[in-house]
Ligand SMILES: [Zn+2]
Ligand SMILES: [Zn+2]
């Protein structure tokens, strides 16, 4: 973590996204505008997710954004969970509506209603549908990309003949999320199960992938829910099985959102601002002429040639031939997180060389021009891996497995503050009692992140009450 | 036009989209659910549009869906045009809002507000941004895909240094729309300028592409607006030019929507239901085993092989090995508009042949299996062209250039009804007076479609008043 980040992480974050031109505030409370460089990160995430969703048999669809109030009443836990955050349409075309319409916070209810019509027989199953959409949760505290009143997401909604198949789907989608977040965004995650208090409103089981930001706080980067027959019962989604008997379907839902954009910034950014993994960077390579390049047309000729060659390779390249000084340009493109910078001046050209700078490394390296394209391609690949490994090392370093009681946790927090370190997360035992979880939260703001599938250790006693633990759980502060 | 279509075109349309499983109604007035086969048509349109937008330097972004009421007040024509159709959010998270928020019918106002911040100098121009989004217009009469309360669209919003550049952009985007609609959807369009009464609310000039459906009615398939400095003045969007003087930018906006899905159905559909141009068909080829194929495993082996070979070529293929009869399957896939069907039975296999049926042709043809892949690829290409040419012939046949007075138009309508023909469109002169346009509309429901750039004839007298015409205009009934 850098000084600026340490002093005031929120300020560093806001500065970084504004200097990188990723978003803008708007006069509508908690609603941001996604500027092209911010939105393109989302487009790369969409492309990768869509590819994997389709490979596993899912298809996209689109459902109405407005949901009748009565739909929410049908699943008790669901309305309790979402009611406090809903915006309502009450008038349209000059008339008061008979029933209020909510702006969707998620679409289980509308989709449940429709699936009850679409599903009649086992031949109609499984239904494997995903939707890309805007959703609304009128949050009190907002933070660009991470928590906004309107955000963009995908929500998968599937229906299956039985629990086994539905649970398999739930896990399959969590695994896809883990792969995309780790491989595309270079963000390592812990996958595991949420505790009951952190479950999705209406789910039987919720699973998540959890990512650690550079301030040690957690972002829930994706969730996948096994909904059992709860929504099927609420919305009467039944099918005729092979024995000619009516059965409720078992449903799942799963989602990731534009908070992934926020996560990539908070995981990789540094003192100079944004650092983007090559695979999601809107600009992957920037070419900058240096020295008295205007007097030396061979420089721009060579850069034009390089530009064209990189384009052909499908690399997202920009050539900055503006009138600004090289220093100004270097800074500008660093703020934007561009992975690779290539500088070319008269002396470089004489030596048939160029300078290459990776955004996350301190030194420039000289590269022979004939090798340059290959070297750039290689750097984009190695930087992608390097960022993931750096983030993994950081996360592991700040994942503590030696904190076993509330007293030790408090001591750990005091020590961290004194040393100017982040508290990170702790792996601790939990007896399964909601009250223990609640007490840890009230005393330390540490909440349960998830019960990891592959914990680095097993914990035998509850961090709060000291009784035998049922689960080994990640605890941490969360966005 | 087929019998069913002629008897009741609306019924034919609704039957067709329901049997093809493209959409479903929902309990929210005028809001439909786009089912996967309907939505995938939109995805193909999006891909093609995105490719062309990006090639011409545009980038995608995302703006808030909710727009403060005060924003609409800033451009007088704009609020007059849209106020009657707006739905309003008046409460959120249990509290009444201080200012009502409209669900966007279009985003000129929100974007104008933001551009006034983003644009400071000529160096910031042009701004070339597009958004894919849901929009709302609370319409009285709705029709799936064609006119719904919520629909999906793209809206481009650009800002330029001067009128010339902005007008160039306006035309460039109209041309892109024409190309995509003709090449991808196989729908021929007339491009031209809208009359003032049909202009977008707040535009200086509106241009459109107009498509003729099989019932002779028009769908405005895309519009592109030169907004002049009207929104720049309303939202104070100024830049410092090279001479250090503040200037208003010139803006454009342009849009196409999911009504293109409705258009493709109404232009190509026939007695058997949906007919989809190969380039937008979710399934391009369906393979169906016929005869006693279950006793003859070589048939499925051959079909599996074909399936894999077509997949590798990037062709969207399905293999229907369900237990239904061949006749049932033929009908099912015809209803879905699948362009090419391949049948393979024991006797075909003996002769090393298969039967190929194009959706829009009456006869099946025998094809030697070694040539089958090539023949299928060829058929997909020729069918795409054939559908465009068929639609063009139909449109031209129903574009009348011999109707020159209101009396003649009324006679034409009477004659058409008597002959059981569609009235189509007429090309007629117009003096430029709104009252003449209005009178034609009141008397015949024929409205001005556009003033075509390339009219098949020039008309010298106004269809209504008989005075000298200023413009030669397409008139027709419209959706
Ligand atoms: Zn306990
Ligand atoms: Zn006239």
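Residue numbers (our numbering), protein chains in the order written: chain L, 1 to 479; chain F, 1 to 479.
By construction, the Cβ of each residue, glycine as well, lies at the ideal position given by its N, Cα and C atoms.
Note that the structure is a prediction, hence the values are computed from the model and not measured.
Beta-bridge annotation (DSSP): residue 462 of chain F is paired with F:429.
When 9 Å is used as the limit between beta carbons, residue 383 of chain F is near no residue of chain L, the shortest such separation being about 24 Å. Of the residues F:232, F:73 and F:405, the one whose Cα lies closest to the Cα of residue 446 of chain F is F:405. Judged by their CB atoms, residue 116 of chain F and residue 185 of chain F are not nearer to each other than the 8 Å cut-off. Sixteen is the threshold: since fewer than 16 other Cβ atoms of the shown chains lie within 10 Å of the Cβ of residue 324 of chain F, the residue is exposed.
Shown here, residue 143 of chain L sits in a strand according to DSSP, grouped into three states.
What residue 138 of chain F touches in chain L, judged by beta-carbon distance under 8 Å, is 92 and 93, going in chain order.
Annotation for residue 118 of chain F: no beta strand (DSSP E) segment contains it, though the alpha helix (DSSP H) segment containing it runs 108 to 118. Ordered along the chain, residues surrounding ligand 2 are F:431, F:433, F:436, F:462, F:464 and F:465 [Cβ under 5 Å from any heavy atom]. Residues of the segment 19 to 31 of chain L with a Cβ closer than 8 Å to any Cβ of chain F, in chain order: 24, 26, 27, 28 and 31.
Close partners of residue 52 of chain F in chain L (Cβ separation under 7 Å) are lacking, with about 16 Å as the shortest Cβ gap.
Counting along the chain, no alpha helix (DSSP H) covers residue 422 of chain L, and no H or E run does either. In the DSSP assignment, residue 439 of chain F forms no beta bridge with any residue. Within the segment 250 to 305 of chain L, the complete beta strand (DSSP E) segments of 3 residues or longer fall at 250 to 257 and 285 to 289, listed in chain order. The CB of residue 35 of chain F comes closer than 7 Å to the CB of 61 in chain L, given here in chain order. The bridge partners DSSP lists for residue 320 of chain L come to none.
Residue 65 of chain L belongs to the set of residues whose beta carbon lies under 8 Å from a beta carbon in chain F.
For residue 178 of chain L, the enclosing alpha helix (DSSP H) begins and ends at 163 to 183. Interface with chain F (8 Å Cβ-Cβ cutoff): residue 15 of chain L is excluded. Residues of the segment 118 to 135 of chain L whose Cβ lies closer than 7 Å to any Cβ of chain F, in chain order: 129 and 134.
Contiguous alpha helix (DSSP H) elements confined to the segment 324 to 406 of chain L occur at 326 to 335, 346 to 350 and 372 to 397, taking only those with 4 or more residues.
Exposure of residue 443 of chain L is indicated by the presence of fewer than 16 other C-beta atoms within 10 angstroms of its C-beta. For chain F, none of the residues of the segment 451 to 473 of chain L brings a beta carbon within less than 7 Å of one of its beta carbons.
Any Cβ of chain F closer than 8 Å to the Cβ of residue 88 of chain L would place that residue at the interface, and such an atom is present.
Proximity of the segment 459 to 472 of chain L to the segment 411 to 424 of chain L falls short of the contact definition, fewer than three beta-carbon pairs being nearer than 8 Å. Residues of the segment 73 to 86 of chain L whose Cβ lies closer than 9 Å to any Cβ of chain F, in chain order: 83, 84, 85 and 86.
Neighbourhood of residue 114 of chain L in chain F, by CB distance below 8 Å: 24, 26 and 33, in chain order. Boundaries of the alpha helix (DSSP H) harbouring residue 50 of chain L: 36 to 55, taken from the DSSP string.
The count of Cβ pairs closer than 8 Å, one atom from the segment 91 to 99 of chain L and one from the segment 68 to 76 of chain F, stays below three, leaving the stretches out of contact.
The shortest C-alpha to C-alpha distance from residue 22 of chain F to any of L:303, L:270 and L:61 is the one to L:61. For residue 39 of chain L, the closest Cβ of chain F is nearer than 8 Å. Secondary structure of residue 121 of chain F (DSSP, three-state): strand. For the options F:75, F:63, F:142 and F:147, the alpha carbon positioned closest to that of residue 129 of chain F is the one of F:63.
Listed by position along chain L, the residues whose Cβ is nearer than 8 Å to that of residue 233 of chain F form an empty set, because the closest Cβ is around 19 Å away. In the three-state scheme derived from DSSP, where H, G and I count as helix and E and B as strand, residue 232 of chain F is classed as helix.
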